[in-house]
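Novice: There's a structure below that I have some questions on.
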Amino acid sequence: MVNHLDAQHLHYHIGKATLVRDISLQVNGGEILAIVGPNGAGKTTLLKLLAGDLHPQSGQVLLNGHPLHHHKPLELARQRAVMPQQASVSLDFTAYEVALMGRHPHIRGSETREDHRIVEEALHRTEVLHLREQLYATLSGGEKARVTLARVLAQQTAILLLDEPTSTLDLRHQHMTMQIMRERAKTGVAVVAVLHDLNLAAMYADRIGMIHSGQLAFIGTPDEVLTAANIHAVFGLAVEVLSHPTHQCPLIVPLATNGHVATPPEIGASAGRKVLADQRVTSAPHLG
Amino acid sequence: MIRQLKLRHWLLMVIALSLLVFTNPLHHSQAQDGGTTFPITITDATGNEVTIESIDAIASGSGDVTEIIAALGFEDNLVGIDISSTYPEDLLDRIPEIGFARRLAVEPIAAVNPSVFFCTETCSPASVFDQLRALNIPVVIIPDNSDRGIELPLEKITMVAAALGVPEEGETLRTQVAREIEWAKTAVANVTEEPTILFLYVRGRTLQLVSGTNTPAYDLIATVDGIDVGAAAGVVGYMPLSAEVMLNAYPEYIVMFQGSVDSAGGLDKVRELPGVGDTPAAQNDHILVFDDQFILGMSTRTGLAALALAAQVHPTMTWEMDMPYPYHYTDMTGIEVLVATPVELYATDETLLTTVQELGFHAKILDTPVEGSLIIATQSADWASLREAGYTVVVVSDTADIPEIAAALGVPGRGEALIARRATN
Amino acid sequence: MISKLIVWQATTQRYSRLLPVRIAFLLVLLMILVFISLSAVSTGAVRIQRDVVFKVSVDAMAEKLHLDYDSGLDYSARCLPGQSCIQRDAALVREIRWPRVIMAGLVGASLAIAGTALQGALRNPLADPGLIGASSGAAVGAVTAILLGVNIGDVLHSDAPALARLTQSLFAFGAALITTFGVFRLARWQGRTDSTSLLLIGLAINTMASAYIGLATFISDIREVNDIVFWTLGSFAEIFWRDVYVVVPFTGLSVVVLPFLARQLNLMTLGEAEAQHLGVNAERLRMICVALAAITVGVSVAFAGIIGFVGLVVPHLIRFFTGPDHRIVLPASVLTGAILMIAADLWARTVAIPTEVPVGIVTALFGGPVFLVLIILSRRGRG
C-alpha cells in the first residue's frame, strides 16, 4: 500500500497567536516519525493539522496525493487512525465496547466475528484483555491509554497519528507501545508520534522532527537531530549526548549541577541551527 | 370583626328579602307540561345550531346557568353540576360534581350521561365541547360576555329557557330579574354621593387581581352609580394587584368574594396585601365581602346583588332595604290597617301595579286573591267587599301619586327614590 | 439493598449486550406498552365494561383497516337520558380515549428519543429537549398566540375552538424551530458547535422564555391564564384524532431515522474529534440529531404543552438497565417513554375525578425522585 502523508507549508494561528508557522514534512509508509519539542511548541496543533481536526490557514496536507478535506470522514477513517492525548468517554461503555468502536469504519451493518477477533487481539497486544468487562471510566489513566491504543490498532489503518501515547504509561508499557509501533511500521504503516521522551524517540523513531515556537527547527535521523547543541537551543537544557550502550542510537543525559538545571540560552545567539534531510524545507527557519 | 358581622347581617337580610319576593317560585315539571315537544333546535351564543332531544338529564358546567335552570323549575332534571353551582345552596350535596367551569374535562361530564350539557362562553377549555359533541351530547353555550353589560343575566335566562322549551316561563323570570335590576337603579336614583369602588380578586398568595372595564364587576358598580376606580386607573379586564395600582385607584370601598377572603386567610390578611391597608376602604372598614356567585354570577340574583351593594356604598340612600311588615297605616278611608307579611300582593289596576312593582314589590293584578294577601286598591275599586272577605286592604286615591302609594306600602323612602328615578328617565 | 441492586444491574447490563436478550427486552416493553394502553383505554371517569372497550376497539380498528370483522356488539340501542349506552361508550372509547392514549404514547416516545439523541450527540447526560430551547420556545409561541388573540378561524370565518388551538399549535411549532435554531446559531463559533456553550445558551434562552411566560401570565386575564397554564404544564385532555394524524409523521421520522445513527452516537461519547477520526461527521450528526429533536419536541409541545423530565429521565432509566449502547437505548426509550407517558396521563386524569391534574406536574412529581435515585445508584455503582 502507498501510504504517504505530505504536509506543505502549514500555517495556523488563533487570533494573533501563531501556533504553527510554515511547517512542511513528509511521512512514508514503513517509518516512524517522532515529533518532539518543548511544551507549547505546537506539537499537538501540528498533529491535529495532520489529522484534519484543524484546517490550516495556509498550506495543505495531502494524503496519498489528495488534500485531506477531499476525503470523506469514513474513507479517511479507514486510512488513518488518531490516538488522542487523553480520551474520556461520556457514557458508561466497557473497555471492550470502547475498543470495538475502532472497528466502526469497517463495519457494514453489524460487527462480525472477524471484528471481535481483531479487537480481542488488539486488547491482548496492549495487555488489557483482562479489563474488557470493566467500565472505561473506572480505569486508571494508563489502562485507559492502552484501551485507547487497542481501539486505534483495531482500526487497522495504514497511517497512525499518536499524540503522546506514552505520557501516562509506566516504563514497560511505554516500550511496549513503541514496539507495537515498530511492528506496524514494519508492515508498511506510516507512524507519526508526538513524544515527550527524547530517549524513547531516539530508540524507536526513524526520523525526528524537533519543533520550536511553531516552527520545524530540525528534522532528520535521531543522530542528526538529537545533538547537544540542538537540544540546548530548543529546550534550553544543557545535555550530554552519549552513545546508547546496546542500541545504535543516541542517549541523552541532562547535565544538572548542584541540583538545578542549566538556564535557558539566548535563543538568537545559539549557533548550529540547521535543517537536515527534508529537502522541502528550503529556507532556514527563523527562531525567536 | 364588627364590620364582618354587619356584612353577614346584610347578607342574611338580602337572602330574607329574596325569599320574600319569590313568594311564588315557578314550580315546573316537564311531565305536566304538555305544550313543548322535543326535539328543540336553537342557535346558541357561539352561533351553533343545537338540537336537544331531551332535557331529562341536564348537566350544567357553570353556576350561573345552574341557578337559572333551577329557577325555571328544572332542578330535579339536573344530573351533574360544576362546583361553582352554589345556588340553590343544597344542590352540591345532592347532585354529582362534574368539575369546574374553567377547567372542564370530558369524562366526568360524560360519566353522568347527560342528555344535554349547558355551559357559558367563559367555560374552558372550549375543546371539551367538541369532545362532548363527538359523544352526541348536545352542548348549549350561554352568552357570558361583559360587553352585554348588566343585561347579561336577561340574555342568559332567555337562552336557557329557549333550550329547555319554556320560553314563557323564561319571559316571566326575565321580567322579574329585569325588575329587580331596575330596583337597584331606582334605589340609587336620589343618592348624592359617588362612591369609588374597586373589585379585588384573590386566589391564595399567588394571584391577586383588580378589575377594570369589560368585567361583570364594572357593570355592577356602574349600575349602583359607583365609580369603578380600577377602570378609572386604566385597567381593562383584570390586572395584577400592586401597591401602585391600589393607591392610584384609592377606593373608598373594596368589593371581594367570600372565596377570595377565605383563600387569602381572612380579612386581616387582605389588609396586608400591597397597598390595600392604606386605602380609605381598609381604614374605614369598607371591605365588602359577598358570596361569589351571588354578587357577580350575573344570573337570577343580579338585581338583588346590585341592591345589596348599593345599600353598602350609599349612606344617603333612602330606599328601605327591609320589607316594612308589619306596619300600621291609616289609609284614606280613615281606617288604621295593620299590614302583616302578606302571602301575595295585589293591585287593583295596571297603573297602580306598575308603581307598586317599581317600589320593590313583586305584585300581581287583582284576580282571585289567595287567603292572607295584601290588596292595594284605588278608591273606585270595590275595596269594601274585599275587606269584608277578610283580605288586608289598603285604599289609595284614584289619582294617587308615588309618595302616597309608597306610604301606603310602608316604604316612603323608596317613593322618594322612585320619583328621582322617573325624573331621570 | 443498594449493593444487591448494583450487582443485579451489572448483570443486566452484561446480558443486555446479547442480541436475543435485547430483542426479548424490547418485546417485553412492547407487551407492557400494549397492556398499559389497553388499561388506559379501559379506565376513566366513565365506567365502561372491559369487554365493551375491547370490542369497540377491535371494531374501530377493523373499520379503519377495512377488515371484514364484526365483534357482534349492538350499537343500535337508543341512548336514554341519564343512562349509559353502548353508542356513547363506543364514541368515548373511539373518539376520546384512544386518540388521547395514542397521543400520550407519541409524545412520550418523542420526548424520550429526542432526549436520548441529544444526550448522545451533545455528549452531555443532562441534555434535555427542554434545554436546547425547543420546549420553552414552543410555549413562548403558543403564549404569544394566546396574548395576541390570533386565530386562523378569523381568516376562515369560523369560530370553531379547534382552530384557535390549531393556531396556537402552529405558533408553538414555529417558535420551537426558531428558538432551537437560534440557540444553535449562538453556540456556533468558528464553524464548530461547543456542547457546553450550547447548553448554557439554552439555559439562558429558557430563563428568558419563562420570564416571558411569567409576564404573560401576569398581564393576561383569567381565561387566558387558563390557556397559558395548559401550555406550561401540559395536558392531553384536548386531543382528537386529527391531532394524532399530525404528530405521527414527525414522531415517526425520529423513530425511524435515529436508530440508524445509533452506532455513530456511540462513537460521539469518545469525543467529537475522536468520533470524527473514526469516520463520523460529528457536526452533521449533531445537526441531524438536534434538528430531529427540535421537530419532534416542537410538534409534541404544540399539541400537549411542555412536559418535563421525560426526555431527561427516560434515557438514564434505560441505560441503567441496558448500558449505554444507543442501538438498544434508542428503541427502548421510544417504548419506555410511551409507557411512562400513558401511565402518567392515566394517573393525571383519574386521580382527582371530576377534575384533571396537568400531566406535566405528574411527570415532574415522579421523574424528579426517580432521577435522583438513578444518580445516587450509578454513583455507588462506580464505587
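Protein chains in written order, with the numbering used here: chain A, 1 to 288; chain B, 289 to 713; chain C, 714 to 1096. Each residue gets a CB set at the ideal place from its N, CA and C atoms; glycine is no exception.
Helix or strand or just coil, what does DSSP make of L33 (chain A)?
Specialist: strand
Novice: The alpha helix (DSSP H) with D223 (chain A) in it runs from where to where?
Specialist: 222-225
Novice: Given a limit of 7 Å on CB to CB distance, which residues of the stretch 404-424 of chain B reach chain C?
Specialist: Answer set for the stretch 404-424 of chain B: T410, S412, P413, A414, S415, F417, D418, Q419, A422, L423, N424.
Novice: Using 8 Å as the threshold, is the C-beta distance between I211 (chain A) and K43 (chain A) below it?
Specialist: yes
Novice: Got a sec: is the Cβ-Cβ distance from F218 (chain A) to anything in chain C below 8 Å?
Specialist: no
Novice: With 8 Å as the C-beta to C-beta threshold (strictly closer), list the residues of the stretch 87-118 of chain A near chain C in chain order.
Specialist: A87, S88, V89, S90, L91, D92, F93, T94, E97, V98, M101, G102, H104, P105, I107
Novice: Tell me the DSSP bridge mates of T94 (chain A)?
Specialist: Residue pairing from DSSP places T94 (chain A) in a beta bridge opposite A:L135.
Novice: Which residues share a DSSP beta bridge with V627 (chain B)?
Specialist: B:Y615
Novice: Could you tell me if A594 (chain B) is buried or exposed, where buried requires 16 or more neighbouring beta carbons within 10 angstroms of its beta carbon?
Specialist: Classification for A594 (chain B): buried.
Novice: Just checking: is the beta-carbon of D619 (chain B) within a distance shorter than 8 Å of some beta-carbon in chain C?
Specialist: no
Novice: How many angstroms separate the CA atom of G992 (chain C) from the CA atom of H70 (chain A)?
Specialist: 14 Å
Novice: How far does the beta strand (DSSP E) with D163 (chain A) in it reach, from first residue to last?
Specialist: Run containing D163 (chain A): 159-163, per the beta strand (DSSP E) assignment.
Novice: Can you find a CB in chain B that lies within less than 8 Å of the CB of N939 (chain C)?
Specialist: So, interface residue.
Novice: Could you tell me which residues DSSP puts in a beta bridge with Y679 (chain B)?
Specialist: Bridge partners of Y679 (chain B): none, in fact.
Novice: Comparing the C-beta of A190 (chain A) with each C-beta of chain C, is any distance below 8 Å?
Specialist: With 8 Å as the cut-off, A190 (chain A) does not count as an interface residue toward chain C.
Novice: I want to know whether the stretch 475-485 of chain B touches the stretch 586-606 of chain B - three or more CB-CB distances under 8 Å.
Specialist: yes
Novice: Within the 8 Å Cβ cut-off, does I759 (chain C) reach chain B?
Specialist: First, the residue type needs correcting, since residue 759 (chain C) is Val and not Ile in the sequence shown. Yes, contact with chain B.
Novice: So the candidates are C:W1060, C:P842, C:R955, C:I1052; which of them puts its Cα closest to the Cα of F1016 (chain C)?
Specialist: C:R955
Novice: Taking the alpha-carbon positions, what's the P402 (chain B) to F897 (chain C) distance?
Specialist: 52 Å
Novice: Enumerate, from N- to C-terminal direction, the unbroken beta strand (DSSP E) stretches of 3 or more residues contained entirely within the stretch 554-578 of chain B.
Specialist: 575-578
Novice: With a CB to CB cut of under 8 Å and the five nearest residues on each side skipped, what residues in its chain are close to G188 (chain A)?
Specialist: M1, N3, G29, G30, A158
Novice: The alpha helix (DSSP H) that contains H106 (chain A), what's its start and end?
Specialist: No alpha helix (DSSP H) contains H106 (chain A), which DSSP labels as neither H nor E.
Novice: Three Cβ pairs or more, each shorter than 8 Å: is that satisfied between the stretch 102-118 of chain A and the stretch 206-224 of chain A?
Specialist: no
Novice: Please confirm whether A358 (chain B) has its beta-carbon closer than 8 Å to some beta-carbon of chain C.
Specialist: no
Novice: Closest Cβ-Cβ distance between L74 (chain A) and chain C: below 8 Å?
Specialist: yes
Novice: Give a yes or no on whether the minimum CB-CB distance between R763 (chain C) and chain B is below 8 Å.
Specialist: no
Novice: I need the straight-line Cα distance from G518 (chain B) to F949 (chain C), nearest angstrom please.
Specialist: 37 Å
Novice: Report, in whole angstroms, the separation of the C-beta atoms of I1074 (chain C) and S848 (chain C), which I expect to be a contact under 8 Å.
Specialist: Incorrect: roughly 15 Å between the Cβ atoms, too far for contact.
Novice: Do S350 (chain B) and A389 (chain B) count as a contact pair if the criterion is CB distance below 8 Å?
Specialist: Judged by their CB atoms, A389 (chain B) and S350 (chain B) are nearer to each other than the 8 Å cut-off.
Novice: Pull up the CB-CB distance for W944 (chain C) and A1077 (chain C), whole angstroms please, since I reckon it's below 8 Å.
Specialist: W944 (chain C) to A1077 (chain C), Cβ: 15 Å. No contact.
Novice: Going by other Cβ atoms of all chains shown within 10 Å of its Cβ, with 16 needed for buried, is L654 (chain B) buried or exposed?
Specialist: By the 10 Å Cβ count, L654 (chain B) comes out buried.
Novice: Out of C:A1061, C:S1091, C:S1013, point me to the one whose CA is closest to S1101 (chain C)'s CA.
Specialist: Chain C is shown from 714 up to 1096; residue 1101 (chain C) falls before or after that span and cannot be answered.
Novice: Where does K72 (chain A) land, buried or exposed, given buried means 16+ other C-beta within 10 angstroms?
Specialist: exposed
Novice: Under a three-way DSSP split, which group does H893 (chain C) fall into?
Specialist: Rather than His, the amino acid found at residue 893 (chain C) in this sequence is Thr. Here T893 (chain C) sits in helix by DSSP.
Novice: Hey, is D579 (chain B)'s beta-carbon within less than 8 Å of any beta-carbon in chain C?
Specialist: no
Novice: If you count every other CB in all the chains shown that lies within 10 Å of the CB of T629 (chain B), and 16 or more means buried, which is it?
Specialist: exposed
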